[in-house]
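Oh and the sequence shown: position 135 is 135 in the UniProt record's numbering, straight run, nothing missing. By construction, the Cβ of each residue, glycine as well, lies at the ideal position given by its N, Cα and C atoms. Please read these numbers as outputs of a predicted model, since none were measured by experiment.
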Amino acid sequence: MAATTRKRPARKYAKKEKVDISEEDRKPGVIYIGHMPHGFCEKELQAYFSQFGKVLNVKVSRSTKNGHAKGYAFVKFKYAAVAKTVAETCHNYLFFNKLLKCQYRPLEEVHPRTFVSYPWKPDMKRKRQHNNGKSEGKLSTSLKVYTKKQEGKLKKLKEIGLDIKLSDILDVPKSRESPSKTPQTKTPQKKENNSASKTKETTKKIVKRKQTLSTKK
């Protein structure tokens, strides 16, 4: 008997519906991220959002004075469809005790120089101005401004019924001189020399030995 082979019935696969992708979704898309936690900067953003799709660029807005992050950033994805899904899923997402605020921005609405970066240098001019001492002219002007402010305050206090002079505020009272106290001199105590005490002990021992020898004889 020849072996008969049975034909398996062909499997019927469900036809996948074709998703119409618009031209806008195929273009790059940008999301705005607000309420960023402290320490969540360029490297962390690149590593976290790369799980959704290819990240082309990351821009963290920083201060020109100290270089610290301002708390918001922009992330550019390869496809706008990915950027839209990320904005929907990560909006109001609790991240390090902060709610992330994500918004999708089309590429046309984003400024062309948003992702332009340059090496940041600290502003040493402000540091020098802060550390340098004030000149006599600046001190005199600051003193005049201070006196004017105090005079205005004193006028308001006078209307209430408190009569205070400007000299009471500006003049520093001199500290009272403490009465001079005569230092108590301690009488020096005579210390016995250790060498003298040692010689006395040795002489006593010698005398005792002589006495013991004489008694034995």
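Worksheet item: What residue does the beta strand (DSSP E) around S135 start on, and which one ends it?
Response: That residue, S135, is in no beta strand (DSSP E); it is neither H nor E in DSSP.
Fill in: K126 - partner residues in DSSP beta bridges
Position check: residue 126 holds Arg in this sequence, whereas Lys was assumed. Beta-bridge pairing links R126 to no other residue.
Worksheet item: Where E24 and A80 are concerned, what is the direct C-alpha to C-alpha distance, given to the nearest angstrom?
Response: Take the alpha-carbon of E24 and the one of A80: they are about 7 Å apart.
Discussion item. Helix, strand or coil, according to DSSP, for V116 in the structure here?
Written reply: Of the three classes helix, strand and coil, the one that applies to V116 here is coil, per DSSP.
Worksheet item: Cβ atoms of G53 and L107: under 8 Å apart, would you say?
Response: no
Worksheet entry | Coarse secondary structure for Q46, derived from DSSP in three states | Here Q46 sits in helix by DSSP.
Worksheet item: How many Å lie between K43 and R128 at the Cα?
Response: 32 Å
Worksheet item: Mapping DSSP to helix, strand and coil, what is residue 218?
Response: A query on residue 218 cannot be resolved here, the shown segment of the chain reaching from 1 to 217 and no further.
Worksheet item: DSSP on C41, reduced to helix/strand/coil?
Response: coil
Worksheet entry | 8 Å contact criterion, which H130 and G71 should meet: CB distance rounded | Contact flag wrong, Cβ pair sits at about 25 Å.
Fill in: Nonlocal neighbours in the same chain, by C-beta distance under 6 Å from residue 218, ignoring five residues either side
In this structure the chain extends from 1 to 217, so residue 218 is not present and cannot be described.
Fill in: Buried/exposed call for I21, threshold 16 Cβ in 10 Å
exposed
Worksheet entry | Through-space distance from V60 to F74, alpha-carbon basis | 7 Å
Practice prompt. Give me the Cβ distance between N32 and R105, rounded to the nearest whole Å; I'm assuming they're in contact under 8 Å.
Written response: It is worth fixing the name first, because residue 32 is Tyr in this sequence and not Asn. With a contact defined as Cβ atoms closer than 8 Å, Y32 and R105 qualify at about 6 Å.
Worksheet item: To the nearest angstrom, how far is it from the Cα of L45 to the Cα of H38?
Response: 12 Å
Worksheet item: Quick one: what's got a C-beta closer than 6 Å to N92's C-beta in the same chain, skipping five residues either side?
Response: L99
Worksheet item: Comparing alpha-carbon positions, which option in R62, H68 and Q51 lies nearest K78?
Response: Q51
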